[in-house]
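Residue numbers (UniProt numbering): 1 to 238.
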């Protein structure tokens with residue numbers, strides 16, 4: 001028989017479920033994830049620990065289902081609106097004011113970027129029309145603006161910025177495909193323009209002070225986008 005893995009990474013844990021082709025849950029497991037709170041309104045995590053929690057939950061779910069690993073034909077991820085920052089070697093880039101090297105994730109509920117969100121809303125721009133007219137500090141562009149202002153060393157080192165579900169797909173496959181859903185809903189990508197990076201509004205990025213990201217190819221943000229349910233590749237050697 002063929003089975004499928006659904007992986008959900010929430011605030012405090014990673015959960016995995018094994019389903020058969022009819023959608024029946026055959027086995028499930030969860031593994032905790034730690035959150036670091038160095039200051040009020042700050043919430044940080046480690047992508048390495050998140051991945052370790054994912055792998056532990058997957059092993060537990062497969063064992064609970066009693067199915068062989070080779071029978072898993074597909075994997076789907078979802079996760080919180082959290083920002084993951086990596087360098088050119090795919091290593092973590094700290095988002096911690098104290099420089100904690102493994103803390104490379106700004107969690108969805110982190111509100112350190114309230115001032116940045118207010119500034120972006122005051123500037124305005126067409127992309128905001130597609131997110132209800134205003135941007136939230138829980139979305140990714142305010143967090144990126146905070147990182148550029150507050151941690152210039154991390155900003156200079158960073159080579160890629162990921163929404164957490166997209167980073168999970170990247171970690172699993174080694175690819176760079178981003179979710180059209182995540183980028184439209186959380187990054188102000190204009191999905192109606194296309195799925196090859198055409199939806200990044202460079203004029204808007206420049207206006208809000210993120211001109212570094214308005215580059216040909218949009219390497220740091222992603223130029224290959226896919227609709228939910230699309231195949232993004234197979235598991236890589238890692």
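Where a beta carbon is used, it is the ideal one built from N, C-alpha and C, also for glycine.
Q) Unbroken alpha helix (DSSP H) runs of length 4 or more, entirely within the stretch 179-210: which are they? A) 180-187, 202-207
Q: Take every Cβ of the stretch 58-73, pair it with every Cβ of the stretch 128-142, and state whether three or more of those distances are shorter than 8 angstroms.
A: No: fewer than three Cβ pairs fall under 8 angstroms.
Q: Enumerate in chain order the residues of its own chain whose CB-to-CB distance from residue 148 is below 6 angstroms, with the five nearest sequence positions on each side excluded.
A: Along the chain shown, one-based indexing puts residue 148 at 148. Same-chain partners within the cutoff: 155.
Q. Would you report the Cα separation of residue 93 and residue 28, rounded to the nearest angstrom?
A. Indexing the chain shown from 1 puts residue 93 at position 93. Indexing the chain shown from 1 puts residue 28 at position 28. C-alpha separation (whole angstroms): 32 angstroms.
Q: Over the uninterrupted beta strand (DSSP E) stretch that includes residue 85, give me the two end residues.
A: Taking the first residue of the chain shown as 1, we reach residue 85 at position 85. Residue range 83-86 is occupied by the beta strand (DSSP E) that includes residue 85.
Q. Is residue 153 near the ligand PLP, judged by its Cβ being under 7 angstroms from some heavy atom?
A. Among the ligands in the structure shown, none appear at all, so the ligand PLP cannot be discussed.
**Q.** Neighbourhood of residue 20 by C-beta, 7 angstroms cutoff - its chain only, sequence neighbours within 5 removed
**A.** To locate residue 20, count along the chain shown from 1; it is residue 20. Closer than 7 angstroms at Cβ, skipping near neighbours: 1, 3, 26.
(Q) What does the alpha-carbon distance come out to for the pair residue 130 and residue 188? (A) For the purposes of this step, residue 130 is taken as the residue at position 130 of the chain shown. For the purposes of this step, residue 188 is taken as the residue at position 188 of the chain shown. Residue 130 and residue 188: Cα-Cα distance of roughly 7 angstroms.
Q) Any idea which residues DSSP pairs residue 31 with across the strands? A) The count along the chain shown starts at 1 and reaches residue 31 at position 31. In the DSSP output, where bridge partners are listed per residue, residue 31 has 14.
Q: Check the C-beta distance from residue 219 over to residue 206 and give it rounded, since I have them as a contact under 8 angstroms.
A: Working through the chain shown from its first residue, we reach residue 219 at position 219. Working through the chain shown from its first residue, we reach residue 206 at position 206. The Cβ separation is near 17 angstroms, so there is no contact.
Q: Report the rounded CA-to-CA distance for residue 196 versus residue 102, giving the unit in angstroms.
A: Taking the chain shown and counting its residues from 1, the one referred to as residue 196 is at position 196. Taking the chain shown and counting its residues from 1, the one referred to as residue 102 is at position 102. Residue 196 and residue 102: Cα-Cα distance of roughly 31 angstroms.
**Q.** Bridge partner(s) assigned by DSSP for residue 9
**A.** Taking the chain shown and counting its residues from 1, the one referred to as residue 9 is at position 9. The partner list for residue 9 (beta bridge, DSSP) reads 14, 79.
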